[in-house]
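Order-wise, the sequence lines are chains A and B.
Okay, so the first sequence: first residue is 275 according to the working numbering, each after it adds one.
Okay, so the second sequence: first residue is 774 according to the working numbering, each after it adds one.
A short worksheet on the structure shown next.
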Amino acid sequence: NAGVMQNPRHLVRRRGQEARLRCSPMKGHSHVYWYRQLPEEGLKFMVYLQKENIIDESGMPKERFSAEFPKEGPSILRIQQVVRGDSAAYFCASSPRLAGGRETQYFGPGTRLLVL
Amino acid sequence: QQQVKQSPQSLIVQKGGISIINCAYENTAFDYFPWYQQFPGKGPALLIAIRPDVSEKKEGRFTISFNKSAKQFSLHIMDSQPGDSATYFCAASPYSGNTPLVFGKGTRLSVIA
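Structure, rendered in structure tokens:
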């Protein structure tokens with residue numbers, strides 16, 4: 275059973291360009307979370323999605339950032355008009371369908387975004 | 774109230790020693806406390822987790838101690854090994870539902886021979 279997959283692993287963009295980060299959850303997982311990790315910082319929650327639904331986007335910046343998890347295909351985190359402050363590691367995590375109680379979140383290897 | 778405070782920021786331990794990392798929280802709705810281990814260039818991986826119904830949980834060389842009244846929990850790594858050198862994150866969330874985790878800032882552990 276393959277783990278959470280993210281691509282690309284490294285992404286370089288110039289200021290003003292768009293960044294698209296993809297996340298394929300583990301097989302059978304229907305919940306996806308995106309976290310951002312700045313250097314020397316912990317992971318900060320951004321958005322929580324289920325298939326075709328955004329459940330909680332309280333951690334997403336109001337502008338330039340969007341996320342989706344379509345019925346088919348990976349989850350996408352999209353950053354428009356990137357700025358240098360967007361440089362960070364972006365991690366995706368997935369968990370199984372809620373069956374009562376807590377489900378472990380499994381993290382992908384991350385996408386390291388560098389904005390020049 | 775959503776913060777999880779983690780200390781120390783970095784830690785150097787001799788091989789065979791005990792590594793201790795501490796975390797504190799304020800939100801009384803938190804009742805699930807996992808620890809994640811992260812190696813450079815990798816994503817975090819769940820190491821061990823505890824709920825407040827027990828004061829201690831042990832898995833191999835890793836032990837979580839939990840103090841509900843003080844709203845503190847800690848990770849102890851016994852017989853620390855160089856392969857344990859990594860960044861460790863504590864986290865917290867309500868147990869019910871797939872709610873997002875609130876992470877501490879991490880502790881960079883170096884185990885030296």
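Cβ coordinates follow ideal geometry from the N, Cα and C atoms, glycine included.
Every value quoted in this text rests on a predicted model; they were computed, and no experiment measured them.
Can you tell me which of the options puts its alpha carbon nearest to the alpha carbon of residue i?
i	options	result
Gln355/A	Glu292/A, Val286/A, Glu315/A	Glu292/A
Ser792/B	Glu799/B, Tyr798/B, Leu784/B	Leu784/B
Ile837/B	Ala859/B, Trp808/B, Tyr861/B, Leu819/B	Trp808/B
Ser361/A	Gly290/A, Ala276/A, Ser349/A	Gly290/A
Met320/A	Arg338/A, Arg358/A, Pro370/A	Arg338/A
Val389/A	Ile353/A, Gly302/A, Gln379/A, Glu326/A	Ile353/A
Pro348/A	Val286/A, Arg287/A, Gly382/A	Gly382/A
Arg834/B	Val777/B, Asp852/B, Ala822/B, Ile885/B	Asp852/B
Does residue i have its Cβ less than 8 Å from a Cβ in chain B?
i	result
Tyr364/A	no
Phe339/A	no
Gly382/A	yes
Phe343/A	no
Glu331/A	no
Gly316/A	yes
Is there a C-beta anywhere in chain A that falls below 8 Å from the one on residue i?
i	result
Pro817/B	yes
Pro813/B	no
Leu882/B	no
Phe846/B	no
Leu820/B	no
Gly833/B	no
Lys878/B	yes
Using 7 Å as the cut-off, classify the Cβ of residue i as near or not near the heavy atoms of the ligand NAP, replying yes or no.
i	result
Gly302/A	This structure lacks the ligand NAP, and indeed carries no ligand of any kind.
Report buried or exposed for residue i, applying the criterion of at least 16 other Cβ atoms within 10 angstroms of its Cβ.
i	result
Gln782/B	exposed
Ala859/B	buried
Ala864/B	buried
Ser842/B	exposed
His305/A	buried
Pull the bridge partners of residue i from the DSSP assignment, please.
i	result
Lys778/B	Ala797/B
Ile385/A	Checking the displayed sequence, the identity of residue 385/A turns out to be Thr instead of Ile. According to DSSP, which records beta bridges pairwise, Thr385/A is partnered with Tyr364/A.
Met334/A	For Met334/A, which the question treats as bridged, DSSP gives no partner whatsoever.
Just to confirm the assignment: which complete beta strand (DSSP E) runs, minimum length 3, are found wholly within the segment 802 to 884 of chain B? Within the segment 802 to 884 of chain B, the complete beta strand (DSSP E) segments at least 3 residues long are 806 to 811, 818 to 823, 829 to 832, 835 to 840, 845 to 850, 859 to 865, listed from N- to C-terminus.
3-residue-minimum beta strand (DSSP E) runs that sit fully inside the segment 294 to 321 of chain A, ordered along the chain: Within the segment 294 to 321 of chain A, complete beta strand (DSSP E) segments of at least 3 residues are found at 303 to 311, given in chain order.
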